[in-house]
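Working notes, structure below.
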Amino acid sequence: MPATTAAPAAADVVDLDHDEAGQPLAYRPADAARVLGVHRATIYELLNSGELTARKAGARTTLIPRAELQRYLDSLPTWGEPDDG
Numbered sequence: 000m001p002a003t004t005a006a007p008a009a010a011d012v013v014d015l016d017h018d019e020a021g022q023p024l025a026y027r028p029a030d031a032a033r034v035l036g037v038h039r040a041t042i043y044e045l046l047n048s049g050e051l052t053a054r055k056a057g058a059r060t061t062l063i064p065r066a067e068l069q070r071y072l073d074s075l076p077t078w079g080e081p082d083d084g
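The following block contains the structure:
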C-alpha cells in the first residue's frame with residue numbers, strides 16, 4: 000500500500016491572498032467599489048484620473064492594493080470639519 004501524505008495543518012497553510020488579519024491584499028475594481036461604497040464606474044474614473052492607482056496582473060486583471068484604497072480614503076475631506084478656505 001503506498002504511503003499517504005497528511006494534509007498540512009491549518010497553521011502550516013499560508014494564505015497569499017490575505018494578510019494576517021484575514022483582509023484581502025488587493026481588490027478587483029468591483030470589489031473596491033463595494034468596499035468604498037461607490038459605483039464601479041467611479042473606481043474607473045478615479046483610476047483614469049490618477050487619483051487611485053492599480054496594478055495589472057496579466058492582460059485583463061486589475062488589482063487595487065488595499066493600502067491604495069486606504070490612502071485614497073484618507074485623502075478625502077472629513078465631513079463636519081470646517082473648510083480651510
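Here numbering that gives the first Met the number 0 is used: position 14 in the sequence shown is 13, and no number is missing along the way.
Cβ atoms here follow ideal geometry from the backbone N, Cα and C, with glycine treated the same way.
- For residue 41, the three-state secondary structure derived from DSSP is helix.
- Shown here, residue 54 sits in a strand according to DSSP, grouped into three states.
- Taking the Cα positions, residue 24 is about 22 Å away from residue 75.
- Taking all protein chains shown into account, residue 56 has fewer than 16 neighbouring C-beta atoms within 10 Å of its C-beta and is therefore exposed.
- With 16 or more other Cβ atoms from the protein chains shown falling within 10 Å of its own Cβ, residue 62 counts as buried.
- DSSP, reduced to helix, strand and coil, places residue 75 outside both helices and strands of the structure shown, so it counts as coil.
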